[in-house]
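Counting in my numbering, the sequence shown runs from 848 upward without gaps. C-beta: ideal position from N, C-alpha, C; glycine also.
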Amino acid sequence: MSTTKFLYINFWTVKAKALRGKLPVYARVTVEGKRAEISTQIRVEPSQWDVKSGRIVGRSEKVRSLNKKLAEVEARIHRCYEELRYEGRFISAVNIKKRYSGEDSSGKTLKDVFTYHKEKMKGILAKGTLKNYGATEKYIFRFLKRTYKVDNLVLKELESRFIVDFEHFLRQQPTLHNNGVMKHLERFKKLIKMAYELEWMDRNIFRHHKLKFQRVDKEFLSQKELEQLINLKPERASLKITRDIFLFSCYTSLAYADVKELRQENLVQKADGKFWIKSKRAKTGVPLNIPLLPIPLKILERYREHPRVSQSGLLLPVYSNQKINAYLKEIATKAEITKKFTFHTARHTFATTVTLSNGMPIETVSKLLGHTKLATTQIYARVLQKKIGQDMEDLERKLASMQP
């Protein structure tokens, strides 16, 4: 048992709430004879619990880990008490529990910052971006549950170590690579900065934390590989539709989310008779004005009478992203393309093989891609330079055998 002035904390188990023989451990907070109980989210075997010390008996790694968590719970309760005292708030067992659980009205929580951001950014950020923030939110609260055994946390309790521990948690997720981890941290960093500017926090815990993205080359199809796709004659309708929609994106720059939402009203004919796509990027909301080349025009004409097009008002019969990427694997095999690619490769192919390789100014390519920063487009230029170097090395090897 520990004490600070009139605060008492002791841990105990509740037999009435046993589950499969294990007892839940609670922290009993007592202030001037009034009590409040806080669940530690820990369960123990009855034989392992030492009533006198309020700890679990044993020397195993698991026991040491659980006792460490109990010590952390105790330390957090003390911090809540100190915060209330520093703020001049009325100190009671109930108020300490509220501060601990994030229910304290004067102590803004992680849930508060996510809710505030969601409400303020609705209609400002693109749906895709908001969805990404939602994914970060899920990871944060899954991390809280697993690491801290709580559903919420007061922002003022956050320390720099929280970032390090959260990053470690993210790196354990099988679907996340380095840049995916960094993207979640980047979104969390923006939320913490916002909370700090709203004076919900005393300091910005990300102030000295640097995000380390790895440069990843954008995969794209070469002109030869594009021709292999164009010349392919798929027998199954599903493969033919997928091939065509992929090629449509290769020659328009449109991402999957943009192609899927294209409607008849997005197809505009100008005074000179040329057809354009007028839309907005689903990801960023940036306006798109794309003149249509012969290949995408031919594809639109091919599916003008398709039932899914004529009945829905859409321009193309687009499958789900998951189905399209599965079909693309089959198509790659049939077209004898060894390179692994997904639907998003089409957008990279437009930037490199279709436009930059054919001398289109990078500023024009940037506009067609819907980029807000030229630096984003310059990534493709760097990739192209690397490819030129590789092509020259191939040429040098061929010429070496022709020397007199």
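Short Cβ contact (9 angstroms threshold) for residue i with residue j
i, j, result
"R926", "F858", "no"
"R890", "K869", "yes"
"A1182", "F1067", "no"
"V1165", "I1226", "no"
"A982", "I924", "no"
"S1126", "P1138", "no"
"F961", "E930", "no"
"L1002", "G954", "yes"
"H1191", "A1102", "yes"
Residue span of the beta strand (DSSP E) that contains residue i, given as start and end
i, result
"V1181", "With the sequence shown as reference, residue 1181 is identified as Lys, and Val is not the correct amino acid for it. Segment 1168-1181 is the alpha helix (DSSP H) holding K1181; no beta strand (DSSP E) there."
"V872", "870-878"
Cα-Cα separation, residue i to residue j
i, j, result
"V1106", "F1013", "35 angstroms"
"L854", "A1104", "56 angstroms"
"R1090", "H1024", "29 angstroms"
"R989", "G949", "16 angstroms"
"S1204", "N1078", "21 angstroms"
"Q1116", "M1048", "54 angstroms"
"A865", "R1008", "34 angstroms"
"Q1111", "T976", "26 angstroms"
"E1072", "N1168", "22 angstroms"
"E1152", "L1109", "16 angstroms"
"S894", "G905", "10 angstroms"
"N914", "A922", "12 angstroms"
"M968", "I1039", "15 angstroms"
"D1064", "V1011", "27 angstroms"
"Q1019", "L1005", "21 angstroms"
"V861", "P871", "6 angstroms"
"K1059", "L1017", "14 angstroms"
"V1259", "G1027", "No answer is possible for residue 1259: it lies beyond the span of the chain, which begins at 848 and ends at 1251."
"E1243", "E1210", "32 angstroms"
"L842", "A1193", "Past the edges of the chain, shown from 848 to 1251, lies residue 842, and the structure says nothing about it."
"E892", "I1171", "51 angstroms"
"A973", "S900", "54 angstroms"
"A1219", "H1195", "Residue 1219 is actually Thr in this sequence, not Ala. Whole-angstrom Cα-Cα distance: 16 angstroms."
"S939", "Y928", "9 angstroms"
"Y963", "M1041", "10 angstroms"
"P1141", "E1148", "11 angstroms"
"Q888", "W896", "15 angstroms"
"F1188", "E884", "55 angstroms"
"I943", "R1050", "22 angstroms"
"S1255", "L1216", "Outside the shown range of the chain, which is 848 to 1251, sits residue 1255, and nothing can be said about it."
"S1069", "T1200", "6 angstroms"
"L1163", "P1154", "10 angstroms"
"V910", "A863", "23 angstroms"
"K945", "H1015", "29 angstroms"
"M1239", "L1086", "35 angstroms"
"T1185", "R1083", "21 angstroms"
"P1114", "S1096", "Going by the sequence as given, residue 1114 is Leu instead of Pro. If I take the Cα positions, the gap works out to 15 angstroms."
"R1128", "K1245", "44 angstroms"
"E908", "Y995", "18 angstroms"
Local conformation of residue i per DSSP, three classes
i, result
"K899", "coil"
"N857", "strand"
"A865", "coil"
"V891", "strand"
"I1137", "strand"
"E1014", "helix"
"V1001", "strand"
"S849", "With a pLDDT of 46 at S849, under the threshold of 50, the predicted position of this residue should be treated as unreliable, though the coordinate-derived value follows. If DSSP states are grouped into helix, strand and coil, S849 belongs with the strands."
"S886", "strand"
"L1161", "strand"
"K1187", "coil"
"T1022", "coil"
"K955", "coil"
"K1059", "coil"
"K1065", "coil"
"K996", "coil"
"K985", "helix"
"K1080", "coil"
Residue i: first and last residue of the uninterrupted alpha helix (DSSP H) it sits in
i, result
"A973", "Element bounds for A973: n/a, residue is neither H nor E."
"K916", "908-933"
"G1027", "1025-1044"
"A940", "940-948"
"H1218", "No alpha helix (DSSP H) contains H1218, which DSSP labels as neither H nor E."
"A1198", "That residue, A1198, is in no alpha helix (DSSP H); it is neither H nor E in DSSP."
Closer than 8 angstroms: residue i CB and nearest the ligand NAP heavy atom
i, result
"E884", "Because no ligand of any kind appears in the structure shown, any question about the ligand NAP cannot be addressed here."
Practice task
Quick one: which unbroken alpha helix (DSSP H) runs of 4-plus residues sit fully inside the region 1102-1134? Chain order, please.
Solution key: The region 1102-1134 contains these whole alpha helix (DSSP H) runs: 1103-1107.
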